[in-house]
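Take any residue in the sequence shown, count from 1 to its spot, add 5: that is its number in our numbering. We put the CB at the ideal spot given by N, CA and C, even for glycine. This one's a predicted model, so the numbers in the text were calculated from it and none came from an experiment. Worksheet: one structure, shown below.
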Amino acid sequence: MKDLASIPMSRGVQRTDDSAGLPASLLDAISAAGGLWSAGDYYAPAELIVRTAQDNGVRALRIDARDLSWITALPDLEFLHVRTDGRPSLDPIQHLLRLRGLTIETGALRGMLDLAAHPDLEWLKLKLSGKGGAANLPGVMAGHPMIRHLQLSEVPFTELSGVAAAFPSVRFLGLFGADRLARLGDLGPWRDTLAGFSATFAMRLRSLEGLDRLDRIESVGLEFGTIDGLGPLAGRESLRYLQVTAAYPTLGPLTGHRGIRMATLAMPADGDLAPLRTWPSLAAMGGSQWIGHPIEGLPMLEELARDDDLRVEWRRAVHG
Numbered sequence: 006m007k008d009l010a011s012i013p014m015s016r017g018v019q020r021t022d023d024s025a026g027l028p029a030s031l032l033d034a035i036s037a038a039g040g041l042w043s044a045g046d047y048y049a050p051a052e053l054i055v056r057t058a059q060d061n062g063v064r065a066l067r068i069d070a071r072d073l074s075w076i077t078a079l080p081d082l083e084f085l086h087v088r089t090d091g092r093p094s095l096d097p098i099q100h101l102l103r104l105r106g107l108t109i110e111t112g113a114l115r116g117m118l119d120l121a122a123h124p125d126l127e128w129l130k131l132k133l134s135g136k137g138g139a140a141n142l143p144g145v146m147a148g149h150p151m152i153r154h155l156q157l158s159e160v161p162f163t164e165l166s167g168v169a170a171a172f173p174s175v176r177f178l179g180l181f182g183a184d185r186l187a188r189l190g191d192l193g194p195w196r197d198t199l200a201g202f203s204a205t206f207a208m209r210l211r212s213l214e215g216l217d218r219l220d221r222i223e224s225v226g227l228e229f230g231t232i233d234g235l236g237p238l239a240g241r242e243s244l245r246y247l248q249v250t251a252a253y254p255t256l257g258p259l260t261g262h263r264g265i266r267m268a269t270l271a272m273p274a275d276g277d278l279a280p281l282r283t284w285p286s287l288a289a290m291g292g293s294q295w296i297g298h299p300i301e302g303l304p305m306l307e308e309l310a311r312d313d314d315l316r317v318e319w320r321r322a323v324h325g
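Next comes the structure, spelled out in C-alpha cells:
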C-alpha cells in the first residue's frame, strides 16, 4: 500500500467549484459551510479521503466511489453528493445524522436510505427506478417534515397527493421522467409553501389542475409532453417565472397577467404570441429557437452572458 503522505492531495481529494447542476439554494448553503470538496476512490484511498476531510473540517463532499463504508468516519458531514456510475451500497449514509443536503446520482440504487435518520435534511435528490427504487419507495413515501427542495426522477407516481402529504414543507419540487404521472392530484398541503414546480418528460400529464390551489407558486416549468391548457395558472398572481416547452394550445388564458417577469416558451398551437405584449412585468424571454424575438428590444435569456443578472435570476427561480 502506498504511503498516504506520498499521494498528492490533488489526486482525488480537492476543493471544487464545479456546481454539477446542484441548485443555487443548496450551493449557497454549501458555500456558507466552507465550500465543496470532491473525492474519488479510483484515485485516492479511503484513508486519505477521510484524513483530508477531517484535517480540513470538510462539511460538504462530492464522492465518486464504489464503496461508501468509510463515510461513517465523517459524522459531521452536512452535505453529501454521491455521483458515480457505480452502485455503492447507500446503507452507510444513515449514520450521517447531521445531513442537510443529500444528492444521489448513481447507476442504480443499492441499499436502503433512512430519511428519518437525518432530522435536519432540507435538500434531497434521487431516482426511484429499478429494484432499488422500489425497495426504497416506502421509506421515501414515509416523508420528511423538513425537506424543502425535493428532486425525484423515474418516479412511479400516478399523482402527487401522497408526495404533498409526506413532504409538507417543500418549496421546490422537480420531477424528471414521471412517465406514470396522469394528474397532479391534491396539492393542498403545499398551498402556502410550494414556490417552484418543474416536470420534465411527464408524458401522460395533460391537466395542470391542482396548481390553481397554490397561493405562493412563483415558478412553473413544463418540458416535453402535451398540456391541454394553461388556465389553472391564470389566477396565480404570485407567478413570476414560466417555462413551457411542452406542447400547449394557447397563451390566451394568461392574457393580462401582471406578475410574469420571465418566460421561456415554445410556440403555442394557435401561433398567437400577442398575449406576451399584455404582460406589464415582462423583463426577459427565452425560446428564440421556437418563437424568435417576439418583442423588439426585450432581452432573450439564451443570448445573455451566463453571469448576466437576468440569467442568474432565471436559473435560481427555475431550479430552486
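- In the structure shown, the three-state DSSP call for S203 is strand.
- L199 and P50 have their C-alpha atoms some 42 Å from each other.
- Contact between I54 and V87 fails: their C-beta atoms lie close to 13 Å from each other, not under 8 Å.
- In this structure P285 is exposed. Its beta-carbon is surrounded by fewer than 16 other beta-carbon atoms within 10 angstroms.
- Within the same chain, P194 come within 6 Å of A170 by CB-CB distance, once the 5 residues on both sides are set aside.
- Secondary structure note for R88: its beta strand (DSSP E) is the uninterrupted segment 84-88.
- When E242, G261, L270 are compared, the shortest CA-CA separation from A251 is found for L270.
- Shown here, G230 sits in coil according to DSSP, grouped into three states, outside any helix or strand.
- Shortest Cα-Cα distance from R221 to any of D233, R209, I232, Y246 involves Y246.
- Bridge partners of L259 according to DSSP: none are assigned.
- Take K130, set aside five residues on each side of it, and the residues of its chain with a beta-carbon closer than 7 Å to its own are T108, I109, Q156, in chain order.
- Short of 6 Å from the beta carbon of T260, and not among the five residues preceding or following it, lie these beta carbons of its own chain, in chain order: P280, T283.
- The Cβ-Cβ distance between L287 and P273 does not fall below 7 Å.
- DSSP places T57 inside the alpha helix (DSSP H), whose first and last residues are 51-60.
- The C-alpha of L244 is placed about 21 Å away from the C-alpha of I296.
- Apart from sequence neighbours up to five positions away, the residues of its chain that approach T231 with a beta-carbon distance below 7 Å are R211, A251, A252, ordered along the chain.
- Under the three-state reduction of DSSP output, I300 falls in the coil class, being neither helix nor strand.
- Within its own chain, the residues whose Cβ lies closer than 8 Å to the Cβ of D90, once the five positions on either side in sequence are excluded, are T111, G112, listed in chain order.
- Counting along the chain, the unbroken beta strand (DSSP E) around V249 starts and ends at 246-249.
- In the three-state reduction of the DSSP assignment, S174 falls in the coil class, being assigned neither a helical nor a strand state.
- Annotation: the continuous alpha helix (DSSP H) that includes R321 extends over 314-324.
- Taking A122 as the centre and dropping the five residues before and after it, the same chain places the C-beta of Q99, L102 closer than 7 Å to its C-beta, in chain order.
- The beta carbons of R241 and R218 sit no closer together than 7 Å.
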